[in-house]
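Read through the structure below, which is laid out as structure tokens, and then see the notes.
In this note's numbering, the protein residues as written are 14 to 343.
This is the structure we're talking about:
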């Protein structure tokens with residue numbers, strides 16, 4: 014993050030060069046970094062176990078309720094409590110709350126020893142809901158609900174195809190590649206070789222992709238962030254509250270439902286993470302690259318990355334303190 018901010022402020026024309034070629038509404042180098050980040054994690058998933066995840070009604074229902082009812086509503090409340098006097102930032106924050114995570118959450122879940130198969134299934138379900146529900150929820154939280162409450166409304170026209178394209182590229186491509194890699198690798202040399210020899214070599218590329226993506230993302234928006242430090246701080250505070258509270262709620266609900274550590278952690282991270290790539294793309298496409306809505310989207314990963322890294326450690330601490338060790342999964 015620090016390197017990206019320095020590059021964005023010290024290298025003239027870097028943001029223009031990064032934006033020269035796009036995949037959908039996302040810079041091509043950043044898109045490449047996201048794909049490199051996603052592929053190794055999805056290659057680790059044991060796809061023959063996903064049926065077990067789909068059959069877990071407690072996990073499925075709790076994830077849908079938290080992701081699509083509680084979390085967007087909570088972000089709406091935070092946006093109005095913290096940014097009532099700044100309508101552009103408030104709108105951008107609400108858009109961030111609607112964009113459920115389909116990329117980096119796989120990394121956080123993996124680092125915290127969550128259930129990979131559950132994460133893959135929940136991310137896929139979130140992706141489908143994102144395509145179907147994003148525009149409707151945007152209309153509800155930006156126009157209908159504020160009008161019911163006597164608050165100012167915001168007009169926004171979200172592109173259905175832009176959302177669909179984002180999901181297909183950033184989840185569809187690495188998911189297909191991961192599935193084919195595992196299927197063909199196990200067929201050729203067996204599971205022991207695949208998981209004992211191949212995956213340890215492939216695994217580090219997920220973190221390389223993560224670091225590359227974060228560096229370029231902040232290089233792209235470095236000037237904007239440096240130019241408005243007080244605005245960034247105003248946006249950052251509700252985001253920090255959001256990540257901590259939603260993650261904590263996911264852990265408490267998972268523990269209450271007796272999902273076990275791995276699934277509870279997956280539930281918490283898939284609820285707390287947000288698809289900032291989509292939020293930024295939607296904000297730029299709808300309100301413009303220099304808009305306050307776009308800045309709110311950019312501040313998202315500025316807070317999300319360190320917050321969720323910290324929550325990885327919080328999850329690992331909670332495993333020792335509150336969960337019975339599952340020797341099979343370990």
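Every residue, glycine too, gets a C-beta built ideally from N, C-alpha and C.
Taking only the alpha-carbon atoms, compute the straight-line gap between residue 222 and residue 162 and give it to the nearest angstrom. 43 Å
Just the Cα atoms here: how many angstroms apart are residue 216 and residue 58? 12 Å
Neighbour-count burial assignment, residue 26, 16 or more Cβ in a 10 Å radius: exposed
Check whether residue 253 and residue 182 have beta carbons under 7 Å apart: no
Determine the direct distance from the alpha carbon of residue 165 to that of residue 329, and round the result to whole angstroms. 43 Å
Roughly how many angstroms separate the alpha carbons of residue 138 and residue 67, rounded to a whole number? 10 Å
Per DSSP, residue 204 is paired with what? Answer is none; residue 204 lacks a bridge partner.
For the segment 38-49 against the segment 239-257, are there 3 or more C-beta pairs whose distance is under 8 Å? no
By the DSSP assignment, the alpha helix (DSSP H) with residue 112 in it spans what residues? Here residue 112 belongs to no alpha helix (DSSP H), and DSSP marks it neither H nor E.
Using alpha carbons as the reference points, say which of 192, 231, 169 lies closest to residue 130. 192
Report yes or no: do three or more beta-carbon pairs, one from the segment 87-96 and one from the segment 276-284, lie closer than 8 Å? no
Neighbour-count burial assignment, residue 213, 16 or more Cβ in a 10 Å radius: exposed
Per DSSP, residue 287 is paired with what? 113
Every unbroken alpha helix (DSSP H) within the segment 211-240, with a cutoff of 4 residues, ordered by chain: 212-215, 217-233, 235-240
Could you tell me if residue 187 is buried or exposed, where buried requires 16 or more neighbouring beta carbons within 10 angstroms of its beta carbon? buried
Cβ atoms of residue 150 and residue 184: under 7 Å apart, would you say? no
Whole angstroms are fine: how far does the CA of residue 275 sit from the CA of residue 264? 10 Å
Can you tell me which of 220, 294, 84, 14 puts its alpha carbon nearest to the alpha carbon of residue 175? 294
Considering only residues of the same chain and omitting the five flanking positions on each side of residue 135, which have a CB-CB separation below 7 Å? 76, 279, 283
Using the Cα positions of residue 244 and residue 197, report the straight-line distance between them to the nearest angstrom. 50 Å
Would residue 257 count as contacting chain B if we go by Cβ distances under 7 Å? Here chain B cannot be found, since the structure has a single protein chain.
Thinking just about the alpha-carbon of each residue, which of 224, 157, 105, 327 is nearest to the one in residue 307? 105
CA nearest to the CA of residue 53, picked from 69, 123, 34: 123
Look up residue 350 in the DSSP assignment and say whether it is helix, strand or coil. Outside the modelled stretch of the chain, which goes from 14 to 343, sits residue 350, for which no answer is possible.
Along the chain, where does the alpha helix (DSSP H) containing residue 185 start, and where does it finish? Residue 185 -> no alpha helix (DSSP H), and no H or E assigned at all.
Option in 119, 113, 229, 235 with minimal Cα separation from residue 179: 113
On the three-state DSSP scale, how would you describe residue 26? coil
Nearest CA to the CA of residue 127: which residue from 108, 31, 273? 273
Taking the alpha carbon of residue 289 as the reference point, which residue from 239, 220, 231, 269 has its own alpha carbon closest? 231
Residue 170 versus 260, 85, 296, residue with shortest Cα-Cα distance: 296
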